[in-house]
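**Q** Please read through the structure below; I'll follow up with questions.
In the UniProt record's numbering, the protein residues as written are 1 to 601.
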């Protein structure tokens, strides 16, 4: 078992860590009232329902129910153990702690997945060593250096070299005790008909691919000399770990820069990301696929703005136009960087350098509409009537969708200058594309959606929620509620479970500071329920009278339950024609109702 971290150490780290700063590394947060809101990193959504409370040092998603404190956020988001989360945050504080490595703490990932990640990590180290330190990798290293990469970049991205041999990796994995059937599922080896295994990646420059948590989950291998029937790039196959539709190359490394720069640069390939990394550190790229909804959601959690920088050829332009439309449709601000025809970012950087690339390409990116006008004009002969009409008919619908009257006028004027058609004629034609306005008042949606209430809470439900919420604000209040509860229980099972854990936590000397109790709860579901309760708006000071009112509601609920049971027994006695029992039950029920009304006048 791992050595337990002293509670006082955990408390000091939590108290010296701001959950807003930690969550902001993964989610773009905006202040709304007392809390911060953003898109939930635990489920896909378009409207922000993920809330972070700096006052209570907790997070809660009103959409999926995820919740907890700063430690549980890292555990759930990064797949860390509690020990790893505490150590990770401890290393960021100015406090001095010594952490012993856990011996065998249960991993949040299943054992097969953990085994596959370890196998991938082993080959990542092997490939990188072969490239940087061996004669066998010298040719590949020279190739990469000639392409403009430097050794610092190759080390940062752990670029490697896979030998031409058929069983280099598979033999190493087998020697280290890895289950080769699991390594096959991870995309590292391929099974022959005779049951033996051979390497998937051979004679290729190897680019490790990390997921959003920074774990290497696969590879992309590139040949350096053309070979018959061999693809230029070979990616790891689809698996639970490696899913191209949700992987963005460099996303984990670029996260901090994206937040700092307030925009992301979207490249077409990871070679462009690496080539630009020394001057453009906020770059990401898809894995040879079109931009997907999952990709957009990942970026949107960090920033609302994307600069697209695809290759300067026709295919790159078409891909940029499509990606720009997808990003814009998801509410993002889009700019498009233009490269000289035929050049990709990697080529441009080799020719002109990284600083010029950043200053003259990225920083001079076109607005989305300016790019659309250029795109719609390109390839058309404006010297001909057909060419001018085609341009006008393509551009006016796009201009009509602009929200600003000034923007509309600006681009209608540009269209007039480009085609020689009068401004007034184009403005008149533009009206045919404008949507018909309805005489209905415009109701603006709130920036932050409120949590949906499926029904009005009954009095006892409100009482148990607020009793628990107040208990979690401090030990004194919690003890006061405990005294008032006596032999009462909470009608809702989850609340009763939280109450039981809370009493045990206090009995062990636990302090009910914001967020402290949440990590004590052993169950993610209970943490979510408890977090939702802590997000309730409470009075700064709760009176004994308010607590007593809540207790009375629970008492009333218990008494009503007794009456209902007695009424059911009465009905059964009447059906059985048991007059004596029915009479006694009737009197008992009358007395119970009388007592209940007397207590709650």
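Heads up, the beta-carbon is just placed ideally off N, CA and C, and yes, glycines get one too.
Computed from a predicted model, the values in this text were never measured in an experiment.
(1) Please work out which residues of its chain come closer than 7 Å, Cβ to Cβ, to residue 503, disregarding the five sequence neighbours upstream and downstream, and give them in chain order.
(2) Please list the terminal residues of the continuous beta strand (DSSP E) segment that includes residue 604.
(3) Quick check on this structure: which residue in 494, 464, 409 and 516 has the alpha carbon closest to the alpha carbon of residue 474?
(4) Work out the CA separation of residue 527 and residue 266 for me, nearest whole Å.
(5) Can you tell me whether DSSP reads residue 34 as helix, strand or coil?
(6) Closest by CA to residue 534, which one among 30, 29, 18 and 35?
(7) Determine contact between the segment 175-191 and the segment 113-129, defined as no fewer than three beta-carbon pairs at a distance below 8 Å.
(8) What would DSSP say about residue 267, mapped onto helix, strand or coil?
(9) Comparing alpha-carbon positions, which option in 76, 170, 580 and 536 lies nearest residue 523?
(10) Where does residue 272 land, buried or exposed, given buried means 16+ other C-beta within 10 angstroms?
(11) For residue 208, which beta-bridge partners are listed by DSSP?
(12) Taking DSSP as the reference, what is the three-state secondary structure of residue 446?
(13) Quick check: the Cα distance between residue 13 and residue 89, rounded to an integer number of angstroms?
(14) On the DSSP bridge list, what partners appear for residue 161?
(15) Return yes when the Cβ of residue 173 is within less than 9 Å of the Cβ of residue 123, no when it is not.
(16) Can you tell me the Cβ-Cβ gap for residue 204 and residue 162, rounded? I've got them flagged as a contact below 8 Å.
(17) Looking at residue 296 and residue 249, is the spacing between their C-beta atoms short of 9 Å?
(18) Would you mind reading off the limits of the alpha helix (DSSP H) that contains residue 418?
(19) Determine, using beta carbons only, whether residue 200 and residue 234 come nearer to each other than 9 Å.
(20) Grab the span of the alpha helix (DSSP H) containing residue 433 for me, first residue to last.
(21) How about residue 414 and residue 277: are their beta carbons less than 9 Å apart?
(22) Evaluate residue 346 with the Cβ neighbour count: other Cβ atoms within 10 Å of its Cβ, from every protein chain shown; 16 or more gives buried, anything less gives exposed.
(23) Run through DSSP, which three-state label would residue 654 get?
(24) State the CB to CB distance for the pair residue 5 and residue 70, rounded to an integer number of angstroms; the pair is presumed to be in contact (CB under 8 Å).
(25) With a cut-off of 8 Å on the beta carbons, I'd call residue 499 and residue 468 a contact; round off their distance for me.
(26) Buried or exposed: where does residue 384 fall if 16 or more other Cβ atoms within 10 Å of its Cβ makes it buried?
(27) Taking DSSP's pairing of strands, which residues face residue 308 in a bridge?
(28) May I have the straight-line CA-CA distance separating residue 138 from residue 131, to the nearest angstrom?
**A** Taking the structure as given:
(1) The sequence position of residue 503 within the chain shown is 503, counting from 1. Answer for residue 503: 482, listed in chain order.
(2) This structure cannot speak to residue 604, because the chain is shown only from 1 to 601.
(3) As a position in the chain shown, residue 474 is number 474, starting the count at 1. Ranking the options by Cα distance to residue 474, first place goes to 516.
(4) Residue numbering aside, residue 266 sits at position 266 when the chain shown is read from its first letter. Residue numbering aside, residue 527 sits at position 527 when the chain shown is read from its first letter. One C-alpha to the other measures close to 37 Å.
(5) Against the chain shown, residue 34 aligns to sequence position 34. Three-state result, residue 34: coil.
(6) For the purposes of this step, residue 534 is taken as residue 534 along the chain shown, with counting starting at 1. Residue 534 has its Cα closest to that of 35, out of 30, 29, 18 and 35.
(7) Contact between the segment 175-191 and the segment 113-129 is present: 3 or more CB-CB pairs across the two stretches fall below 8 Å.
(8) Position 267 of the chain shown holds residue 267. Correct three-state label for residue 267: strand.
(9) By one-based count along the chain shown, residue 523 stands at place 523. Here the closest residue by C-alpha is 76.
(10) Reading the chain shown from its first residue, position 272 is the one you call residue 272. Residue 272 comes out buried.
(11) For this step, residue 208 is matched to residue 208 along the chain shown. According to DSSP, which records beta bridges pairwise, residue 208 is partnered with 219.
(12) Counting from one through the chain shown, the residue named residue 446 turns up at place 446. Because residue 446 carries a pLDDT of 37, less than 50, the predicted location of this residue cannot be relied on, and the following value inherits that uncertainty. Three-state result, residue 446: coil.
(13) On the chain shown, position 13 is the one that residue 13 refers to. On the chain shown, position 89 is the one that residue 89 refers to. Their Cα atoms are separated by approximately 7 Å.
(14) Start at 1 with the first residue of the chain shown, and residue 161 comes out as number 161. Secondary-structure assignment with DSSP links residue 161 through a beta bridge to 205.
(15) For the purposes of this step, residue 123 is taken as the residue at position 123 of the chain shown. For the purposes of this step, residue 173 is taken as the residue at position 173 of the chain shown. In this structure, residue 173 lies closer than 9 Å to residue 123 by Cβ.
(16) Locating residue 204 in the chain shown gives position 204, where the first residue counts as 1. Locating residue 162 in the chain shown gives position 162, where the first residue counts as 1. Cβ-Cβ separation between residue 204 and residue 162: approximately 5 Å, consistent with a contact (criterion under 8 Å).
(17) By one-based count along the chain shown, residue 249 stands at place 249. By one-based count along the chain shown, residue 296 stands at place 296. No. Outside cutoff.
(18) Locating residue 418 in the chain shown gives position 418, where the first residue counts as 1. 405-419 is the span of the alpha helix (DSSP H), which, as asked, contains residue 418.
(19) For the purposes of this step, residue 200 is taken as the residue at position 200 of the chain shown. For the purposes of this step, residue 234 is taken as the residue at position 234 of the chain shown. Against a cut-off of 9 Å, the Cβ pair of residue 234 and residue 200 comes out as a contact.
(20) The residue labelled residue 433 in the question sits at position 433 within the chain shown. In the DSSP annotation of this structure, residue 433 is not part of any alpha helix (DSSP H), being labelled neither H nor E.
(21) As a working note, residue 414 is residue 414 in the chain shown. As a working note, residue 277 is residue 277 in the chain shown. Going by C-beta atoms, residue 414 is not nearer than 9 Å to residue 277.
(22) Here residue 346 is taken as the residue at index 346 of the chain shown, counted from 1. That one is buried.
(23) The question about residue 654 has no answer here: the residues shown for the chain are numbered 1 through 601.
(24) Here residue 5 refers to the residue found at position 5 when the chain shown is read from its first residue. Here residue 70 refers to the residue found at position 70 when the chain shown is read from its first residue. With a Cβ gap of about 15 Å, residue 5 and residue 70 do not count as contacting.
(25) Stepping through the chain shown from its first residue, residue 499 is reached at position 499. Stepping through the chain shown from its first residue, residue 468 is reached at position 468. About 6 Å; that satisfies the 8 Å criterion.
(26) Within the chain shown, residue 384 is the residue found at index 384, counting from 1. The residue is exposed, with fewer than 16 neighbouring Cβ atoms inside 10 Å.
(27) In the chain shown, residue 308 corresponds to position 308, counting from 1. Listed as beta-bridge partners of residue 308 by DSSP are 266 and 336.
(28) Position 138 of the chain shown holds residue 138. Position 131 of the chain shown holds residue 131. Roughly 7 Å separates the two Cα atoms.
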